[in-house]
Amino acid sequence: MQTAPLGLLRDLDPKRVMRAQVGGQDLVVWRASNGDVSAWDNRCPHRGMALSHGFVRGNDLACLYHGWHYGSTGACSYIPAHPDLDPPETIKTAVFSVAIADGVIWVSTKGVAQPAPVPMASQPLRCFHVQARSDGLAHACRTVAFEGGAPEQIEPGLYRLGARRVFVLENPLDEDRIQVTALVDADATPNDCAALSRWCDAVRRLAQTEKVAA
Amino acid sequence: MSREYALNDWYAVGDAQTLARGPRRTVLLEQEVIVSGTTDHPKVVDAEGAAYPATFKYGHVWTSLGDAPRPLFNIPEADEPGRRLVPCGVVRVKCSPLRAVENFLDIAHFPFVHTGILGSEPHTEVAPYKAEIRDDVDEVWATKISFYQPQAAKSAEAGGDTQYLYRVAAPTTAVLYKTCPPKPEAMDVIAIFVQPRTETECDVWPWMALYDETSEYAGLVQFQQEIFLQDRSILENQRPVKLPLDPKMEIPTRADLTSIAYRRWLKSKGAFYGAMTEDA
Ligand code: FES
Ligand SMILES: [Fe+2]
Numbered sequence: 002m003q004t005a006p007l008g009l010l011r012d013l014d015p016k017r018v019m020r021a022q023v024g025g026q027d028l029v030v031w032r033a034s035n036g037d038v039s040a041w042d043n044r045c046p047h048r049g050m051a052l053s054h055g056f057v058r059g060n061d062l063a064c065l066y067h068g069w070h071y072g073s074t075g076a077c078s079y080i081p082a083h084p085d086l087d088p089p090e091t092i093k094t095a096v097f098s099v100a101i102a103d104g105v106i107w108v109s110t111k112g113v114a115q116p117a118p119v120p121m122a123s124q125p126l127r128c129f130h131v132q133a134r135s136d137g138l139a140h141a142c143r144t145v146a147f148e149g150g151a152p153e154q155i156e157p158g159l160y161r162l163g164a165r166r167v168f169v170l171e172n173p174l175d176e177d178r179i180q181v182t183a184l185v186d187a188d189a190t191p192n193d194c195a196a197l198s199r200w201c202d203a204v205r206r207l208a209q210t211e212k213v214a215a
Numbered sequence: 008m009s010r011e012y013a014l015n016d017w018y019a020v021g022d023a024q025t026l027a028r029g030p031r032r033t034v035l036l037e038q039e040v041i042v043s044g045t046t047d048h049p050k051v052v053d054a055e056g057a058a059y060p061a062t063f064k065y066g067h068v069w070t071s072l073g074d075a076p077r078p079l080f081n082i083p084e085a086d087e088p089g090r091r092l093v094p095c096g097v098v099r100v101k102c103s104p105l106r107a108v109e110n111f112l113d114i115a116h117f118p119f120v121h122t123g124i125l126g127s128e129p130h131t132e133v134a135p136y137k138a139e140i141r142d143d144v145d146e147v148w149a150t151k152i153s154f155y156q157p158q159a160a161k162s163a164e165a166g167g168d169t170q171y172l173y174r175v176a177a178p179t180t181a182v183l184y185k186t187c188p189p190k191p192e193a194m195d196v197i198a199i200f201v202q203p204r205t206e207t208e209c210d211v212w213p214w215m216a217l218y219d220e221t222s223e224y225a226g227l228v229q230f231q232q233e234i235f236l237q238d239r240s241i242l243e244n245q246r247p248v249k250l251p252l253d254p255k256m257e258i259p260t261r262a263d264l265t266s267i268a269y270r271r272w273l274k275s276k277g278a279f280y281g282a283m284t285e286d287a
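What follows is the structure, encoded as structure tokens:
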């Protein structure tokens, strides 16, 4: 599995926890108080609880079921039922490589995360989920007009919309579901971003309708 | 294959309330059954009309689908004078029936899942206790448990240490005894009767035998149901869904002695319905 884009860093505030998926691997992605982002197997080694329901305490992630703490290395650091115990090193979550680039959270379930190059100076636009296949999404991106003009596809994932360019990153979740992370030119104004965000909504709607029609 | 052991156990499949409402069409061990009749004469049949043994005890209709049912366990406290018997309805949970029982046997989760009721931080420590498989009765028991609780029961007025005792009478039936706030020398009884619909979905029937003459029935049931709904949010998010019996798959600590004994006991009996075994 190559490195996958799991949304925007700005959507994951420190102390927040979210669930994500890369190539069938269920993940918990969370941000420590110090801002560090971690991505782990979404399963507590103790009794299998989904860690994505957990909560952040300082720079540890705590499991909701029995409150076990895990530090940034994935090792268990605290077991509330035995406050004086130094947890054995064998209690450890499966940790995956994370990289932050272009405001995007990238995770690899195999080896070191290597973010895909972004072909322009960019800023984050938004992240959304779409029930469609990759070709359906691309077709919708080429079809939905922006400010009266037809989009132009410059290269795979890169579209010219009026004076702006949008770069669309895909994380396939299953057969017909994609997590989309969209970036826009670095100098786009807040107004541009709001309009392009609405364009994303229209793209999602069209991709999903066409899927139903097909 | 995993149904084999389970077929000869007894399961709660209805209570007085469901009987009063008319026939209950339900699923037990992947088989459709229809529960009807009265508390004096309950009736359990399958879709073809074939009848299964049915008896009304502990506020519930019990049935067994096997050819040679083991005897239905005894809960002697049900007949003790002065106890209020409180069936608490039914909660559907998308989890292994065995995970539901294991969660019922666990105290370490109280401060995190039943926060402010059955536990609270910083009172998280689980003191050493005893858990054992009692071969003479073929049950799992856990004794000498004590835990700080902010509101141990509906009848509790303040926080305090509660003593607990657990008894696993069958793979899907567990009973707990806990000190009872209005009557310190006695113990309240709370049980869960788990009806396995499939290996990954169950109907849980909580039942209580309490010394509490003052609380409203509705309030007692609501208290218990609230706790079970909190447990459900955990149970539906454990992976794998089936209970792993391979000790390498999930790492326990001392606080999990009851769970360790329970898993070992299931394994030794071949009670694999809802379990994951090494070779499965
Ligand atoms: S399952 Fe996570 S702490 Fe117990
Ligand atoms: Fe619980």
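Protein chains in written order, with the working numbering: chain P, 2 to 215; chain G, 8 to 287.
Positions of the beta carbon are idealized from the N, C-alpha and C atoms, including for glycine.
query	result
Within 8 Å, strictly: CB atoms of G:Thr-205 and G:Glu-37	yes
Any non-hydrogen atom of ligand 1 within 7 Å of G:Gly-226 CB	no
Residues of its chain near G:Ala-287, where Cβ-Cβ distance is below 8 Å and the 5 sequence neighbours each way are ignored	Confidence is the limiting factor: at G:Ala-287 the pLDDT is only 46, short of 50, which leaves the residue's position unreliable and the question unanswerable from this model.
Chain P residues whose Cβ lies nearer than 8 Å to that of G:Ile-258	Pro-46, His-47, Thr-91 and Ile-92
Chain-ordered residues, beta carbon under 5 Å from a heavy atom of ligand 1	P:Cys-45, P:His-47, P:Arg-48, P:Met-50, P:Cys-64, P:Tyr-66, P:His-67 and P:Trp-69
Buried versus exposed, by CB contacts within 10 Å (16 or more), G:Asp-142	exposed
Member of P:Leu-138, P:Tyr-66 and P:Thr-94 whose CA lies at the smallest distance from the CA of G:Met-256	P:Thr-94
Reference G:Ser-162; option with closest CA among G:Leu-35, G:Gly-66 and G:Pro-188	G:Pro-188
Contacting residues, own chain, Cβ-Cβ under 7 Å from P:Thr-110 (five flanking each side not counted)	Met-2, Val-23, Gly-24, Gln-26 and Phe-97
Three-state secondary structure (DSSP) of P:Phe-44	Checking the sequence, you will find Arg at residue 44 of chain P rather than Phe. Three-state DSSP puts P:Arg-44 in coil, outside helix and strand.
3 or more residues per run - each beta strand (DSSP E) lying fully within the stretch 102 to 173 of chain G	137 to 141 and 146 to 156
Residue from G:Phe-154, G:Lys-64 and G:Ala-216 whose Cα sits closest to the Cα of G:His-130	G:Phe-154
For P:Met-50 and P:Tyr-66, believed in contact at Cβ under 8 Å, the rounded distance	4 Å
Cβ-Cβ distance between P:Ala-21 and P:Leu-10 below 8 Å	no
G:Ile-234: CB within 7 Å of a non-hydrogen atom of ligand 2	yes
Residue range of the unbroken alpha helix (DSSP H) whose run includes G:Glu-233	224 to 242
8 Å CB neighbourhood of P:Ser-34 in its chain, flanking five on each side removed	Pro-15, Lys-16, Val-57, Gly-59 and Asn-60
Under the three-state DSSP convention, the category P:Lys-93 falls into	strand
Nearest candidate by alpha-carbon position, reference P:Arg-205, set P:Asp-188, P:Val-30, P:Thr-4 and P:Thr-144	P:Thr-144
For G:Glu-84, the three-state DSSP class (helix, strand or coil)	helix
Minimum Cβ-Cβ distance from G:Asn-15 to chain P less than 8 Å	no
Neighbourhood of P:Leu-86 by C-beta distance below 7 Å, restricted to the same chain and skipping five residues each side	Ile-80
Three-state secondary structure (DSSP) of P:Val-113	coil
Element boundaries [beta strand (DSSP E), containing P:Gln-154]	153 to 156
Straight-line Cα distance separating G:Val-97 from G:Leu-236	11 Å
Straight-line gap, P:Trp-41 to P:Val-30 (C-alpha atoms, nearest Å)	7 Å
Span separating the alpha-carbon of G:Leu-92 from that of G:Glu-84	10 Å
P:His-130 vs P:Gln-180 beta-carbon contact at 8 Å	yes
Chain G contact for P:His-229 (CB, 8 Å cutoff)	Past the boundaries of the shown model lies residue 229 of chain P; chain P is included only from 2 to 215, so the question cannot be answered.
Cross-strand partners of G:Cys-187 (DSSP beta bridge)	G:Lys-190
Where P:Thr-144 falls: helix, strand or coil (DSSP)	helix
P:Glu-153 classed as buried or exposed, judged by whether at least 16 other C-beta atoms fall within 10 angstroms	exposed
Which listed residue (G:Ile-114, G:Glu-87 and G:Leu-79) has its alpha carbon closest to that of G:Ala-177	G:Leu-79
Selection from G:Asp-210, G:Arg-174, G:Ala-282 and G:Leu-252 that minimises the alpha carbon distance to G:Val-147	G:Arg-174
Separation of P:Glu-176 from P:Gln-209, as counted between CA atoms	13 Å
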